[in-house]
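A.B. asks:
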Amino acid sequence: MSAKDLRHPIKRARGLGSAQSGVGHWWTQRVTATALVVLGLWFLATVLRLVHADYATAHAVVARPWNAVLLIAFVIAMFWHAVLGLQVVIEDYVHTRWKEVSLLVLVKFLAVLGALASVLAVLRIALGA
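In the numbering used here, the protein residues as written are 5 to 133.
(1) Within the chosen definition, does the region 30-50 reach the region 70-80 through at least 3 CB pairs nearer than 8 angstroms?
(2) Does V55 come out as helix, strand or coil in the three-state DSSP assignment?
(3) Assign V79 to buried or exposed, taking buried as 16 or more other Cβ atoms, counted over all protein chains shown, within 10 Å of its Cβ.
(4) L114: which of F83, L124, R128 sits nearest, CA to CA?
(5) With three or more beta-carbon pairs closer than 8 angstroms as the criterion, would you say the region 38-46 touches the region 96-107?
(6) Here's the rule: buried if 16 or more other CB atoms are within 10 angstroms of the residue's CB, otherwise exposed. What is H56?
(7) Contact defined as beta carbons within less than 8 angstroms: I believe T36 pairs with L88. What is the distance between those atoms, to the nearest angstrom?
(8) By DSSP, does R128 sit in helix, in strand, or in coil?
(9) Using the Cα positions of H29 and A121, report the straight-line distance between them to the nearest angstrom.
(10) Considering only residues of the same chain and omitting the five flanking positions on each side of E4, which have a CB-CB separation below 8 angstroms?
(11) Output yes or no for whether 9 angstroms exceeds the beta carbon distance between I76 and L131.
(12) W46 to V116, Cα distance in whole Å?
(13) Please look up how many angstroms separate the CB atoms of V111 and L90, rounded, as I've assumed it's under 8 angstroms.
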C-alpha cells in the first residue's frame with residue numbers, strides 16, 4: 005500500500021484542477037458590493053427627496069447629467085453583482101452540468117437584458133426623448 009492510497013478521496017481534485025479565476029471573481033464581488041453601498045446611499049437619498057414630488061420634478065431630477073450617470077452606474081453595478089452572486093450559488097448547488105450551464109446562460113442573458121432596458125430608460129429620460 006503506497007502513501008497515495010491513504011489519501012482521502014476529496015484530496016484528489018476532479019477535472020483539470022484550478023481554473024485560476026477564483027480570486028478575480030472574489031475581488032469583483034467586493035468591488036461591486038462597495039460601489040453598491042456608495043451608490044445605494046446616493047440612490048436612497050435621491051428617492052427620499054422625491055417622496056412627495058410630482059412626476060415632472062422626478063423626471064427633472066433623473067434628467068440631470070450627474071444623476072443620470074450615477075443611476076446608470078448603480079444599475080450596472082447592481083446587475084453585475086447579482087450575476088456574480090447567482091453564479092456562485094448555481095455553481096455550488098446545481099450538480100447536473102447541463103442544468104448548471106443552462107441556468108448560468110439564462111441568468112446572464114436576463115441580467116444583460118435588464119441592464120440594457122434600465123440604461124435605455126435612464127438615457128431616454130436624460131436625453132429628453
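All C-beta atoms in this analysis are idealised placements derived from N, C-alpha and C, irrespective of residue type, glycine included.
On a predicted model such as this, the values are computed, not experimentally measured, just so you know.
C.D. replies: This is what the structure holds:
(1) Output reads yes: the region 70-80 touches the region 30-50.
(2) Coil.
(3) By the neighbour-count rule (16 or more Cβ atoms within 10 Å), V79 is buried.
(4) Of the candidates F83, L124, R128, the one whose C-alpha sits nearest the C-alpha of L114 is F83.
(5) Not touching, per the Cβ criterion.
(6) Classification of H56: exposed, given that the 10 Å Cβ count is below 16.
(7) Contact holds; Cβ gap of about 7 angstroms.
(8) DSSP places R128 in helix when its eight states are reduced to three.
(9) Looking at the two C-alpha atoms, the distance is approximately 25 angstroms.
(10) Any question about residue 4 goes unanswered here, given that the chain covers just 5 to 133.
(11) Judged by their CB atoms, I76 and L131 are not nearer to each other than the 9 angstroms cut-off.
(12) If you take the alpha carbons of W46 and V116, they lie about 23 angstroms apart.
(13) The Cβ separation is near 5 angstroms, so the contact holds.
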